[in-house]
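Peer 1:
Number of protein chains: 2
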Amino acid sequence: MMNPQILLARRPQGAPVPEDFRLVETPLPDPGQGEVLVRHRFLSLDPYQRGRMDDAKSYAAPVAVGGVMECQAVGQVAASSDARFREGDWVLGGFGWQGFSVRPAQSLIPIDPQEAPPSTALGVLGMPGLTAWVGLEDIGEPKPGETLVVSAASGAVGQVVGQLGKIRGARVVGIAGGAEKCAFVKDVLGLHAAIDHRGDLDAQLDAACPDGIDVYWENVGGAVQAAVFPRFRDFGRMVMCGMIAQYNTAAGADAKGAMAGPNLGPVVRKRLRIQGFIVSDSGWKRYGRFRTEMLGHIKAGRVQWREDVAKGLANAPAAFIGMLEGRNFGKQIVALD
Amino acid sequence: MMNPQILLARRPQGAPVPEDFRLVETPLPDPGQGEVLVRHRFLSLDPYQRGRMDDAKSYAAPVAVGGVMECQAVGQVAASSDARFREGDWVLGGFGWQGFSVRPAQSLIPIDPQEAPPSTALGVLGMPGLTAWVGLEDIGEPKPGETLVVSAASGAVGQVVGQLGKIRGARVVGIAGGAEKCAFVKDVLGLHAAIDHRGDLDAQLDAACPDGIDVYWENVGGAVQAAVFPRFRDFGRMVMCGMIAQYNTAAGADAKGAMAGPNLGPVVRKRLRIQGFIVSDSGWKRYGRFRTEMLGHIKAGRVQWREDVAKGLANAPAAFIGMLEGRNFGKQIVALD
């Protein structure tokens, strides 16, 4: 049996290009005793995967050149040699950018498709949702009446941050790129205001946050960070989740090559806290609590989500490249046939 | 009775100059019922007083032009109309840059000169010592075996930070300006290494912190911050106490006019925490606990301190200007006759 796979063909120089990936077919063994064959249905594309393409010191090992690109995915059991799983069962795992996996049964996380659509295990009920929840619990802690600003507000993490912030009683302002995303942020997610980062950031922030900002959720870095930073109120918190605008250069410069961050003088005077986190450090231990809370919000209609679904494994590289450029609209997924 | 006072003559443009201050003599009333006349003996000069000279939004109101420069001071009761105080008693208060004060008795904090020299109420047992203790308790939290780097390590706050870090079991590296201060940091304070910021910072940091930095206590900003920041280990903490290198420009630029801070990309990847604090927010509530602990260290000979004593009120402006340039060696005090 042949398995289609996307390999890391070479390490990107700056922004990834299609030639950095290679589609191959490799033979797949039958599942041995205690193993399960999984047919992947949805792959999750996430910004952290850009980091895995570089051979740089980080919190996780890089993908080897010639290795399968890493990702979480949901799939259905196609053949099982373990009593715990039957054909057709939905499962979640770190399956990678490929069509099938053979895995030990105990490494698979079962998914109940009656509870929520299986793809939500990659989004609002999965790693991006948990990331939003953990960062607000541990660092952001928005309080009723406070102003929370979230960048990449229509993205996988951002859309959950905004809505959880609203549920906590904060005034939430979402930053997104373009009129369509801003309309989604305002009308579907129901945030208090939307800001288009392609417009005049300063003027829009002045209008949307006249009293300053208590919590900023950082997904992007670069020019958005520079505009937000001076607007913190005393005791402001900056939740450092990602800086996607700066991922495509080894040195972490933004698109214009700027290396600098904000002057940290106000951190003392305003008693600011700037804190980074990685959800895998402590997030999964709290997954049960998160899931219960989030399912409650979903069932009550308090949380909406949007997915951007690319079709077919061969289109994963283009979807990934587009996501790094902000061309996705919602949680980026690849649906396999 | 005439009272010598140093007034803020005008707001400084950049670094303060002598003409920004004015020495005057004004009449002082006799103490009324419940009031005490205090003859000031030691004035405390501290970097935060530079901020009070600007008419900028901050955590405390500025000194008015024509107003007495603010400071804490210790003095002795010269006349009392309150049963709680007798002539000769030592007291602490926010007395300002002047020779005498008439204050309500209940606003004065008694000092026991048998316990420690009265001037320590302005240093190791006072606001600077409490600042060091609070910042390590709340933000730095150095653990045994961790590497703590403190800038301005021979200064009022820095000398306490370094020694408390050592007592907590950290490997402490102090940064100071010049061979004499570095010798004090190493030999008198007993830190593990001293770095001269006038030399090659990168090479010295490489040698003193081969495995990186867990906690950085920021007193200075500018070039020292830029050199330290890339060396943080995962989960590093940056205690933002002050940025004296950047106080003399309204915009917070460093001496070379640079406005930029570090690129914050590593904050996510390394899960760093950068946090500012002001001791007056919550520090004084814990003063009793701090004092008990610090007195224990002093009596056991575990904590040393050094004062830089200028003589006479007229020399306060020059001492203050020198302190902002790093010319003081230890806690800056002005002794009055």
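Those protein sequences? They're chains A and B, same order as listed. For the first sequence, the UniProt record's numbering gives the first residue as 1, with consecutive numbering after it. For the second sequence, the UniProt record's numbering gives the first residue as 1, with consecutive numbering after it. Quick reminder that beta carbons are idealized off the backbone N, C-alpha and C, glycines included.
Between residue 163/B and residue 170/B, what straight-line distance do the alpha-carbon atoms span, to the nearest angstrom?
Peer 2: Position 163 of the second sequence holds residue 163/B. Position 170 of the second sequence holds residue 170/B. So the alpha carbons of these two residues sit roughly 10 Å apart.
Peer 1: Pull the bridge partners of residue 286/A from the DSSP assignment, please.
Peer 2: Walking along the first sequence from the start, residue 286/A turns up at place 286. In the DSSP output, where bridge partners are listed per residue, residue 286/A has none listed.
Peer 1: Residue 240/A: buried (16+ other C-beta within 10 angstroms of its C-beta) or exposed?
Peer 2: Working through the first sequence from its first residue, we reach residue 240/A at position 240. Buried.
Peer 1: Along chain B, which residues have their Cβ under 8 Å away from the Cβ of residue 49/A?
Peer 2: For the purposes of this step, residue 49/A is identified with residue 49 of the first sequence, where counting begins at 1. None at all; the shortest Cβ gap to chain B is about 14 Å.
Peer 1: Who are residue 232/B's beta bridge partners in DSSP?
Peer 2: Translated into the one-based positions of the second sequence, residue 232/B becomes position 232. Residue 232/B is bridged to 213/B.
Peer 1: Quick one: which chain A residues come within Cβ less than 8 Å of residue 58/B?
Peer 2: Taking the first residue of the second sequence as 1, we reach residue 58/B at position 58. Under the 8 Å cutoff, chain A gives 269.
Peer 1: Of all the CB atoms in chain B, is at least one closer than 8 Å to the CB of residue 262/A?
Peer 2: Within the first sequence, residue 262/A is the residue found at index 262, counting from 1. Yes - at least one Cβ of chain B is within 8 Å of the one on residue 262/A.
Peer 1: Does the beta-carbon of residue 114/A have 16 or more other beta-carbons within 10 angstroms, so that it is buried, or is it exposed?
Peer 2: If you number the first sequence from 1, residue 114/A lands on position 114. It is exposed - the Cβ of residue 114/A has fewer than 16 other Cβ atoms within 10 Å.
Peer 1: Could you tell me the alpha carbon to alpha carbon distance between residue 49/B and residue 221/B, rounded to whole angstroms?
Peer 2: The residue you call residue 49/B lines up with position 49 of the second sequence. The residue you call residue 221/B lines up with position 221 of the second sequence. Their backbone Cα atoms lie some 17 Å apart in a straight line.
Peer 1: Which of the three DSSP states, helix, strand or coil, is assigned to residue 133/B?
Peer 2: In the second sequence, residue 133/B corresponds to position 133, counting from 1. In this structure, residue 133/B counts as helix in the three-state DSSP scheme.
Peer 1: Comparing C-alpha positions only, which one of 335/A, 330/A, 329/A, 305/A sits nearest to residue 316/A?
Peer 2: Taking the first sequence and counting its residues from 1, one reaches residue 316/A at position 316. Looking at the Cα atoms, 335/A is the closest of the given residues.
Peer 1: Can you check which of these residues, 228/B, 153/B, 10/B, is closest to residue 328/B by C-alpha distance?
Peer 2: Stepping through the second sequence from its first residue, residue 328/B is reached at position 328. Cα-wise, what sits closest to residue 328/B is 153/B.
Peer 1: Using the DSSP secondary-structure output, state which residues sit across from residue 3/A in a beta bridge.
Peer 2: Within the first sequence, the letter at position 3 stands for residue 3/A. Paired residue(s): 26/A.
Peer 1: Which residue from 129/B, 266/B, 300/B puts its Cα closest to that of residue 286/B?
Peer 2: The residue given as residue 286/B occupies position 286 in the second sequence. Nearest C-alpha to residue 286/B: 129/B.
Peer 1: Should residue 14/A be labelled buried (16 or more other beta-carbon atoms within 10 Å of its own) or exposed?
Peer 2: Position 14 of the first sequence, counted from the start, is the residue given in the question as residue 14/A. Residue 14/A should be labelled exposed.
Peer 1: Does any CB atom of chain B fall closer than 8 Å to the CB of residue 106/A?
Peer 2: Within the first sequence, numbered from 1, the residue matching residue 106/A stands at position 106. So, not an interface residue.
Peer 1: For residue 330/B, which of helix, strand or coil comes out of DSSP?
Peer 2: In the second sequence, the residue the question calls residue 330/B occupies position 330. Three-state result, residue 330/B: coil.
Peer 1: Are the beta-carbon atoms belonging to residue 173/B and residue 188/B less than 8 Å from one another?
Peer 2: For the purposes of this step, residue 173/B is identified with residue 173 of the second sequence, where counting begins at 1. For the purposes of this step, residue 188/B is identified with residue 188 of the second sequence, where counting begins at 1. It is not a contact, given that the beta carbons lie outside the stated cut-off.
Peer 1: Evaluate residue 284/B with the Cβ neighbour count: other Cβ atoms within 10 Å of its Cβ, from every protein chain shown; 16 or more gives buried, anything less gives exposed.
Peer 2: Along the second sequence, one-based indexing puts residue 284/B at 284. Exposed: under 16 other Cβ atoms inside 10 Å.
Peer 1: Quickly, what does DSSP pair residue 92/A with across the bridge? List them, please.
Peer 2: Translated into positions along the first sequence, residue 92/A becomes position 92. 74/A, 109/A, per the DSSP bridge assignment.
Peer 1: Interface residues of chain B around residue 275/A at Cβ under 9 Å?
Peer 2: For the purposes of this step, residue 275/A is taken as the residue at position 275 of the first sequence. What residue 275/A touches in chain B: 267, 271, 272, 273, 274, 275.
Peer 1: Counting only beta-carbon atoms, is residue 243/A nearer than 8 Å to chain B?
Peer 2: For the purposes of this step, residue 243/A is identified with residue 243 of the first sequence, where counting begins at 1. Interface residue, yes.
Peer 1: Who are residue 17/A's beta bridge partners in DSSP?
Peer 2: As a working mapping, residue 17/A is identified with position 17 in the first sequence. For residue 17/A, which the question treats as bridged, DSSP gives no partner whatsoever.
Peer 1: Please name the residue, chosen from 282/B, 84/B, 133/B, that lies closest to residue 33/B on a Cα-to-Cα basis.
Peer 2: Here residue 33/B is taken as the residue at index 33 of the second sequence, counted from 1. Residue 84/B is the option with its Cα nearest to residue 33/B.
Peer 1: Quick one: Cα of residue 28/A to Cα of residue 5/A, how far?
Peer 2: Residue numbering aside, residue 28/A sits at position 28 when the first sequence is read from its first letter. Residue numbering aside, residue 5/A sits at position 5 when the first sequence is read from its first letter. If I take the Cα positions, the gap works out to 11 Å.
Peer 1: Can you grab the Cα-Cα spacing for the pair residue 289/A / residue 132/A, in whole Å?
Peer 2: As a first step, residue 289/A must be located in the first sequence, where it is residue number 289. As a first step, residue 132/A must be located in the first sequence, where it is residue number 132. When rounded, the distance between both Cα atoms is 13 Å.
Peer 1: So what's residue 119/B in DSSP terms, helix, strand or just coil?
Peer 2: Sequence index remark: in the second sequence, residue 119/B carries index 119 (1-based). Residue state, collapsed to three classes: helix.
Peer 1: Check whether the stretch 53–66 of chain B and the stretch 291–310 of chain A are in contact - that is, three or more C-beta pairs closer than 8 Å.
Peer 2: Verdict: no, contact absent.
Peer 1: Against chain E, does residue 240/A count as a neighbour if the rule is that its beta carbon must be under 8 Å from one of theirs?
Peer 2: No chain E is present in this structure, whose protein chains are A and B.
Peer 1: Please report whether the beta-carbon of residue 246/B lies at a distance below 8 Å from any beta-carbon of chain A.
Peer 2: Residue numbering aside, residue 246/B sits at position 246 when the second sequence is read from its first letter. Output row for residue 246/B: interface = yes.
Peer 1: Quick one: measure Cβ to Cβ for residue 117/A and residue 91/A, integer angstroms, because I've assumed they're closer than 8 Å.
Peer 2: The residue given as residue 117/A occupies position 117 in the first sequence. The residue given as residue 91/A occupies position 91 in the first sequence. About 15 Å; that fails the 8 Å criterion.
Peer 1: Does residue 281/A get closer than 8 Å to chain B when you measure Cβ to Cβ?
Peer 2: Stepping through the first sequence from its first residue, residue 281/A is reached at position 281. It does: the Cβ of residue 281/A has a partner Cβ on chain B nearer than 8 Å.
Peer 1: Whose C-alpha, out of 10/A, 67/A, 44/A, is nearest the C-alpha of residue 25/A?
Peer 2: Taking the first sequence and counting its residues from 1, one reaches residue 25/A at position 25. Comparing Cα positions, the closest option is 67/A.
Peer 1: Classify residue 80/A as helix, strand or coil using the three-state DSSP reduction.
Peer 2: The residue you call residue 80/A lines up with position 80 of the first sequence. DSSP places residue 80/A in strand when its eight states are reduced to three.
Peer 1: Return the residues of the stretch 212–225 of chain B that lie within a Cβ-Cβ distance of less than 9 Å from chain A, sorted by chain order.
Peer 2: Taking 9 Å as the Cβ-Cβ cut-off against chain A, the residues of the stretch 212–225 of chain B that qualify are 218, 221, 225.
Peer 1: What's the gap between the Cα of residue 86/B and the Cα of residue 31/B?
Peer 2: The residue given as residue 86/B occupies position 86 in the second sequence. The residue given as residue 31/B occupies position 31 in the second sequence. Cα to Cα, the separation comes out at about 13 Å.
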